[in-house]
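In our numbering, the protein residues as written are 47 to 472.
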């Protein structure tokens with residue numbers, strides 16, 4: 047029979063969970079003269095089907111092992127799924143080694159998430175790791191908990207239920223505090239600093255939740271933990287770790303503005319200092335792209351400082367610095383062919399020019415950014431850029447009464463386009 051017909055029948059049998067049919071079809075494929083990949087897939091599906099019809103768990107496990115071995119030669123994801131089912135079975139009937147099977151299942155599910163981005167794998171990893179902890183002693187539990195912090199943090203970022211998110215962050219904080227005490231006892235400063243960074247990010251994210259009880263307290267706690275992490279890393283860490291910790295600290299300071307507007311200027315100035323330091327570190331280790339991303343963030347921070355500076359000359363100085371930072375970032379993004387990042391840098395330059403009253407320059411950079419986002423098909427950035435271009439035309443209408451109707455008409459059309467684009471994105 048035609049191999050393509052057999053493969054289609056195999057796919058249908060698998061989808062319909064018709065295990066007898068799946069085994070029969072793939073036995074036939076294995077007997078045909080097919081390429082190595084299809085032979086391995088057929089072998090994998092054959093043993094997978096047999097495992098589903100097994101009379102006992104030992105037989106099922108043996109066939110799942112054979113399925114995984116065959117799948118590994120053709121498709122890593124299918125191999126992981128077979129291994130997942132095997133470890134679930136083993137953790138249920140092999141009581142003597144249940145802890146090891148659960149830990150292995152957690153690692154497998156965690157790696158699957160890293161490959162697929164599917165939060166269902168994180169749920170499985172969390173359940174497996176949490177169950178595994180009771181079977182191990184302190185050092186092994188510590189290793190499991192390190193993996194759990196990764197899983198909690200990533201699952202919280204993917205979860206859409208606000209109440210569940212809050213609960214996950216509380217669990218993450220509790221786990222990090224346990225690790226913190228363990229690292230202190232063992233004088234493990236490097237891991238102590240890392241867990242403090244994790245704590246700072248957890249509190250930063252707690253502050254951002256809609257039902258946050260005391261967001262300012264949370265953000266201040268985040269700042270304290272990250273400051274401690276920076277101090278420890280500066281004593282024992284490498285430059286990339288120090289740079290990452292300072293990046294996180296600058297991000298938290300930028301977030302703090304919305305919770306404590308009275309101290310906005312202080313937060314933003316400190317963020318600028320940190321980003322300049324981080325940029326210099328990345329340049330020292332020849333990481334031009336990371337340095338460019340810091341320039342991008344610096345440009346945004348300078349725009350924020352300009353918006354709150356009541357002194358006209360001070361605001362203009364910040365806007366010039368913003369343009370300089372965006373231009374530096376754009377140069378690297380162009381060289382590195384980071385097209386969408388280049389668009390963001392050009393959009394930043396356009397905003398800075400608009401805020402300086404240099405409308406023609408702003409329009410030129412907006413149009414360049416628009417062309418980039420059309421190419422990359424990023425409706426969100428395209429919509430935002432059109433909004434900014436519309437705002438520029440509205441400012442021009444205020445400054446030139448003779449052309450006010452023309453500019454307002456252009457602005458209205460752009461705002462309508464932007465609204466449609468942003469609605470598509472939502």
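A virtual CB, placed ideally from N, CA and C, is assigned to each residue, including glycine.
Tell me which residue opens and which closes the alpha helix (DSSP H) that residue i is part of.
i, result
"residue 327", "310-330"
"residue 347", "334-354"
"residue 152", "144-162"
"residue 187", "184-204"
"residue 99", "No alpha helix (DSSP H) holds residue 99; DSSP gives it neither H nor E."
"residue 77", "65-77"
"residue 54", "49-61"
"residue 127", "122-139"
"residue 166", "165-178"
Assuming residue i and residue j make a contact with CB atoms under 8 Å, what is their CB distance in whole Å?
i, j, result
"residue 464", "residue 433", "4 Å"
"residue 269", "residue 247", "With a Cβ gap of about 12 Å, residue 269 and residue 247 do not count as contacting."
"residue 435", "residue 412", "4 Å"
"residue 302", "residue 265", "5 Å"
Could you check the C-alpha separation between residue i and residue j for me, to the nearest Å?
i, j, result
"residue 219", "residue 190", "15 Å"
"residue 329", "residue 293", "14 Å"
"residue 151", "residue 123", "14 Å"
"residue 121", "residue 95", "17 Å"
"residue 179", "residue 172", "11 Å"
"residue 54", "residue 422", "35 Å"
"residue 59", "residue 110", "18 Å"
"residue 311", "residue 358", "15 Å"
"residue 453", "residue 153", "59 Å"
"residue 56", "residue 78", "14 Å"
"residue 314", "residue 340", "14 Å"
"residue 71", "residue 196", "41 Å"
"residue 254", "residue 271", "17 Å"
"residue 382", "residue 321", "21 Å"
"residue 200", "residue 168", "8 Å"
"residue 205", "residue 245", "19 Å"
"residue 127", "residue 221", "29 Å"
"residue 441", "residue 332", "42 Å"
"residue 472", "residue 400", "Per-residue confidence for residue 472 stands at a pLDDT of 42, beneath the threshold of 50, marking its modelled position as unreliable; the derived number appears in the next sentence. Straight-line Cα distance between these residues: approximately 27 Å."
"residue 74", "residue 68", "10 Å"
"residue 146", "residue 184", "15 Å"
Take residue i and list the residues in its own chain whose beta-carbon comes closer than 7 Å to its own, dropping the five residues that flank it on each side.
i, result
"residue 402", "362, 365"
"residue 51", "none"
"residue 262", "305, 306"
Kindly list the residues whose CB is nearer than 8 Å to the CB of residue i, restricted to its own chain and excluding five residues on each side of it in sequence; keep chain order.
i, result
"residue 427", "386, 389, 390, 393, 415, 419"
"residue 325", "337, 340, 341, 344"
"residue 243", "271, 272, 275, 290, 291, 294"
"residue 85", "75, 76"
Item to check | Contiguous beta strand (DSSP E) assignments of at least 3 residues, all confined to the region 215-294 | outcome: none
Checklist entry - What runs of the alpha helix (DSSP H), each 4 residues or longer, lie entirely inside the region 371-447? => result 385-402, 405-422, 425-445
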